[in-house]
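Before any comments, here is the structure.
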Amino acid sequence: MRGFERRPPQTKEAMGSGVLRRDAREKVCGSALYVADIQRAHMLYGRAVRSPYPHALIKEIDSSQALVYPGVVAVFTAADIPGNNITGPRTVKDQPVLAFDRVRFAGEAVALVVAESEAALRRGIDRVKVNYEPLPLVDNPKDALASGAPPLHREGNLCYQFRIVKGDFESALREADLVITRTYRTQISDHSCLEPDGTVAEPIEDGVVIWVSSKSAHLDRHEVARVLGIPAEKVRVITATVGGSFGSKPDLPTACMAALIAWKTGRPAKIVLSREECFFAKTKRHPYILTYTHAVRRDGKILGVRVEALADAGAYSSYTPTVTTRGLIHGVGPYSVPNVDMEVRAAYTNHPVTGALRGYGLPQFSFAIERQMDLIARELGLGPFEVRMRNVLVPGDQMPTGQVLNHVPMREILEAGQCRVKTIDEQKQAEGRSRGEPRFRRAWGMATCFYGLGRTGMADSAEVTLRLEGDGYFRLLVGCSDTGQGSDTCLAQIAAQGLGVPVDLVRVTSGDTQLTRDTGTTTATRVTYVVGNAVKKAAEELRARLLSTAEAKEFVPDPNWLADLAALCQASGMEMECAGHFITPNVKLNEKGQGDPYGTYTFGAQWTKVCIDTWTWRVGIERIVSCFDVGRVINPIILEGQLEGGIAMALGYGLSEEVLLKEGVIVNPNFDGYLIPTAADIPPITQVILETSDPSGPFGAVGIGEPSAVPGAASLANAVSAALGIEVKEIPVTPERLHGLVSERSRE
Amino acid sequence: MGGFDYLRPESLEETIEYLADGEGKVLAGGTDLILHLKQGKLRPRRIVDISRIPALHDLREDDGRIFLGAVITFAELGISPIVLRHAQPLAQAALQIGSPQIRNVATLGGNIANGSPAADGVVPLLALGTRLLIRSPKGMSIVELSSFMETKQGEVALGADQLILGMEFPKLNPGTRSIYLKLGRRNAVTIARLSLCTVASVNTEGTIERAAISVGAAGPHPFRVISAERLLLGVHPTPEIINDTVEEISREVSHKLGGRPSEPYKSYAIRGLAREALEYCLGLGSDGGE
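Sequences listed follow chains A and B, in order.
Residue numbers for the first sequence follow the working numbering, so the first one is 944 and each next one is one higher.
Residue numbers for the second sequence follow the working numbering, so the first one is 47 and each next one is one higher.
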């Protein structure tokens, strides 16, 4: 015991230290291996033949001309899949790897061409003749649910429906002094990971190993195994360096296709999607039509909220049930509302499949909720800050699901952020630069957010392993991959904190199904909270065991105590490995949507100041203040980066990003037409970080990945509305749309 | 991308020879051409890379005129002292094109030959009164840039056996003010949604003696707005005359766009660009600016 106490004093705790990211050096030096960089001897190349039609019967696939082209090795169709052709990220699966009877969206894969070179591959693709018989297009979710619409699936076009009812909304309406009803619309948006999806597969003995750009190694293993018709343990998934995920990756059909080539040909194979394919094939963010009714008392207190939400699920279900459920759970925002009646429906259409995208359905709801809050403020003459202060959740308040929240720092967040905004305005005034400017209109807009941590609709659990290796270093083994957000580094810091050792002594292996346990996916802002708690448990247990070993062996400490202890343990056959397990304390939602959907929540708010050029309706973003309570900072540099990224992503969503469809086909499938913000579009961001320790998080920490991307678009829409005295009810707020809104107002 | 022969001649004579049968396609910077090849929009038998012909890299000032070789890149234009001093709006346009990587290879000649309605380089060249030097098997010809574009969208009056050698225009006098304004969907790496260039000077009597206005991304090709220029010539610059000119430019944009969905917005936004440019060039600031 004394040995541990007398170890060289640590200058810095692992938690809260801005240690260098584990992947920093290799990424800066260009040596990180992405899937596209992986080469195997005798490797084949694969690419899908994709449907140009959003809805059509496949009458015939003629690959004879492709097969005679030199270098083309094979053309596979659905008939060549040895196992189950149907895949999906949830337990209910409905998306074919290769379409067999009909296609349901433009870009759906119908055949897979395999060639010796990428040049031969392109020729092969051109030579596969597919005879389609176009079917009527289901072009929006309203039409999809109308009677007489062509059914896209056996069960019809209603993909999912969910309702949350609490209290009595009708009585709230009767008591209300103010009732505000509006309908809001949001667009389809894309993850726009800079790295396109890809997979390299290689046959091994009686199975395959795949290197994949993925957020979900263990899930991919099961899907690949099902498609190949082999047991999951015959498939090893190794996560390559991931160049951004944001809820996507891998495109499951693509990962399965690469494995299929390796399995069928006995040779390694690579598939990397082109940018256009990323737009056509991958899932998108759900577009929504949201109708909100707020019943409000004269003093600004919200008595009740009714929500009717309709989401476009696209051609297959993907994550739609959980994305829409999560949206509805957060459907009144972080506000205390006694009476709610909320329903979401999602309809199948012949549009791109919609699924998980950073924020998981919340940015859409947030836009509608926060616009409503500003309208309440305007009608009651209260001001946006005041109306929110009067309604935000406080400890002991209930969610619409009835869950009682005890850790709710919402008022502190609002006050801290608003205080910073005030300081900025005062400085600006002192500089004498806020005179009346008829051409340029400026205003702040604010929006709050909260985000339940962990998967939706189930208790979320994670298992990790931590061991002391023979050389005195610890190794943390986690199944969830680092998708570029820095989880390997942050989890090492949590482990080091739990062990009481410098973070340099903790190595991390992640996202390899052969080496790591199934820790779950890198999604749902679950890694810090769910996985972090498992890591903390493993670390504390391992530390306790080491301490008792040291005591039992009357261990004499020296500067190499860990290495010595490692050697000692090894020599005496002591187990030096601990598993850590954590499960969130959820209560499943009942038929009225009542229960405890998440273990804990992250809270925050954003203030965005716009400067609008009324001569062109260009919206410039001038200032951003972001305030989040992260419970406890794990790594301040990674935190800052993740917040900046989330804020920029959300502002792009509000300002310019929109996947445009014409007759069901994407017309802007590249970065010249799909406009993500550049560094020149995002001003410096003032970050206010609160650390109100969350008792349920590891060392008090909570996740920030998705919440950071939730309030941005809403705050922007509020700022634009305030600056021009209009109501933004649709995003993105393009100059054309603003021109239309202003023209409309001047006609009234 | 289909198969083709790749040739990289070192002289103009050789180049013209390779283009003579009309089966060749010229590669200058390739930022548009390579995309078109990949998309299968073009399937030439021969690619003739002109990027290493010394004569096409000329950039010089000669007797009051500026000569620019066809393969000068936008990066080069943006830092050229000659262009910065005597053709400022061209430098402004050059520095707003694409990304630094694009500007390092994309050429002014290619920008013209590609025939895009939104070509950033073409708009200032029009206002500067540019003529093109064109070489064909029959010899040299000189063509007004404006007449070069009297074709349908995506096309210019350049035969498959012809080569743009360069462009020339009179250098701007010290008293002349000029500006290029671009309206994009974001602040960098963006295609012009609208663009406008004005060149103007006022003589010692205080009347406008030179006025050139060109507009891009409104209709099939960038164009000069001659009717608006006429309103300015020979009069004293006043807020009223600027208003009238702005309205005329907007009418012309509206006319060019016909019933396109973008017409209501663009005919509005062009007023903003035109007002800002004219107020700057004629030295009349309104209270709108900052």
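Ideal placement from N, C-alpha and C gives every residue a C-beta, glycine not left out.
Applying the criterion that 16 or more other CB atoms from any shown protein chain within 10 Å of the CB defines a buried residue, is residue i buried or exposed?
i, result
"A:Q1038", "buried"
"A:Q1370", "exposed"
"A:V1608", "buried"
"A:R1097", "exposed"
"B:G252", "exposed"
"B:Y52", "exposed"
"B:K198", "exposed"
"B:R256", "buried"
"A:L1598", "buried"
"B:T250", "exposed"
"A:A984", "exposed"
"A:G1537", "One detail in the question is off: residue 1537 of chain A reads as Gln in this sequence, not Gly. Buried, because 16 or more other Cβ atoms sit within 10 Å of the Cβ of A:Q1537."
"A:E1145", "buried"
"A:S1430", "buried"
"A:I1316", "Strictly speaking, residue 1316 of chain A in this sequence is Met, with Ile absent from that position. Its Cβ being crowded by 16 or more others within 10 Å, A:M1316 is buried."
"A:L935", "Outside the shown range of chain A (944 to 1691) lies residue 935 of chain A, about which nothing can therefore be said."
"A:M1353", "buried"
Could you have a look at residue i and say whether DSSP puts it in helix, strand or coil?
i, result
"A:F947", "Bear in mind that the predicted position of A:F947 carries a pLDDT of just 39, short of 50, making it too unreliable to give a figure here."
"A:S1260", "coil"
"A:V1685", "helix"
"B:G70", "strand"
"A:G1595", "helix"
"A:T1408", "strand"
"B:N150", "helix"
"B:D108", "strand"
"B:G49", "coil"
"A:I1669", "coil"
"B:V248", "strand"
"B:G334", "Any reading at B:G334 is ruled out, since the residue's pLDDT is 43, under 50, leaving its predicted position unreliable."
"A:R1418", "strand"
"B:D290", "helix"
"B:F215", "strand"
"B:Q199", "coil"
"A:R1070", "helix"
"A:Q1341", "strand"
Fully enclosed by the region 1449-1508 of chain A, which beta strand (DSSP E) runs are 3 residues long or longer? 1449-1453
Indicate whether the contact test is met: 3 or more Cβ pairs, each with one atom in the region 1143-1163 of chain A and one in the region 1270-1279 of chain A, closer than 8 Å. no
Which residues of the region 1615-1632 of chain A have a Cβ closer than 7 Å to any Cβ of chain B? Give them in chain order. With the criterion set as a beta carbon lying under 7 Å from some beta carbon of chain B, the members of the region 1615-1632 of chain A are D1615, L1618, P1620, T1621, A1623, D1624, in sequence order.
Are at least three pairs of beta-carbons, each pair with one atom in the region 1320-1338 of chain A and one in the region 1521-1539 of chain A, less than 8 Å apart? no
The region 1634-1650 of chain A in contact with the region 1567-1584 of chain A per 3-pair CB rule at 8 Å: yes
Inter-stretch contact (C-beta, 8 Å, three-pair minimum) for the region 1653-1664 of chain A and the region 278-292 of chain B: With fewer than three CB-CB distances shorter than 8 Å, the region 1653-1664 of chain A does not count as touching the region 278-292 of chain B.
Unbroken stretches of the alpha helix (DSSP H), 4 residues or longer, contained in the region 1505-1565 of chain A: none
Residue ranges of each beta strand (DSSP E) within the region 1035-1063 of chain A, 3 or longer: 1052-1058
Which residues of the region 314-329 of chain B have a Cβ closer than 8 Å to any Cβ of chain A? Give them in chain order. Cβ contacts with chain A: Y314, A315, R317, G318, L319, R321, E322.
Going along the chain, which residues of the region 1592-1615 of chain A sit with their C-beta nearer than 7 Å to a C-beta in chain B? Within the region 1592-1615 of chain A, the qualifying residues are S1599, D1615.
Contact between the region 1012-1023 of chain A and the region 1073-1091 of chain A (3+ Cβ pairs under 8 Å): no
For the region 147-164 of chain B against the region 64-78 of chain B, are there 3 or more C-beta pairs whose distance is under 8 Å? yes
Count Cβ pairs between the region 1564-1579 of chain A and the region 1623-1642 of chain A that sit closer than 8 Å; are there 3 or more? Three or more beta-carbon pairs drawn from the region 1564-1579 of chain A and the region 1623-1642 of chain A are found closer than 8 Å, and the two stretches are therefore classed as touching.
Which of the residues in the region 230-242 of chain B, read from start to end, lie with their CB under 7 Å from any CB of chain A? R231, R232, N233, A234, V235, I237
Would you check if the region 1405-1418 of chain A and the region 1440-1458 of chain A touch, i.e. whether three or more CB-CB distances between them fall below 8 Å? The region 1405-1418 of chain A and the region 1440-1458 of chain A touch, with three or more beta-carbon pairs separated by less than 8 Å.
Contact residues within the region 1661-1680 of chain A, judged by C-beta distance below 7 Å to chain B: Cβ contacts with chain B come from P1678, E1679.
Check distances from the C-beta atoms of the region 1557-1571 of chain A to those of chain B and list, in chain order, the residues that come in under 9 Å. For the region 1557-1571 of chain A, which is checked against every Cβ of chain B, the residues closer than 9 Å are T1557, W1558, T1559, W1560, R1561, G1563.
How about the region 964-972 of chain A and the region 1001-1012 of chain A: do they share at least three Cβ pairs that are nearer than 8 Å? Result no; under three Cβ-Cβ pairs closer than 8 Å.
Count the CB pairs spanning the region 1545-1564 of chain A and the region 1389-1398 of chain A that are closer than 8 Å, and state whether there are at least three. yes
Cβ pair count under 8 Å reaching 3, the region 1099-1117 of chain A against the region 1302-1315 of chain A: no
If contact is defined by three or more beta carbon pairs under 8 Å, each pair taking one atom from either stretch, is the region 1506-1521 of chain A in contact with the region 1335-1351 of chain A? no
Whole runs of the alpha helix (DSSP H) within the region 1120-1193 of chain A, excluding any shorter than 4 residues: 1160-1171
If you measure beta-carbon to beta-carbon, which residues of the region 287-313 of chain B are closer than 8 Å to chain A? S308, P310, Y311
Length at least 4, wholly inside the region 1225-1304 of chain A: the alpha helix (DSSP H) runs in chain order: 1263-1272
When you compare the region 1153-1171 of chain A with the region 1023-1033 of chain A, are there three or more beta-carbon pairs, one atom per stretch, that lie closer than 8 Å? yes
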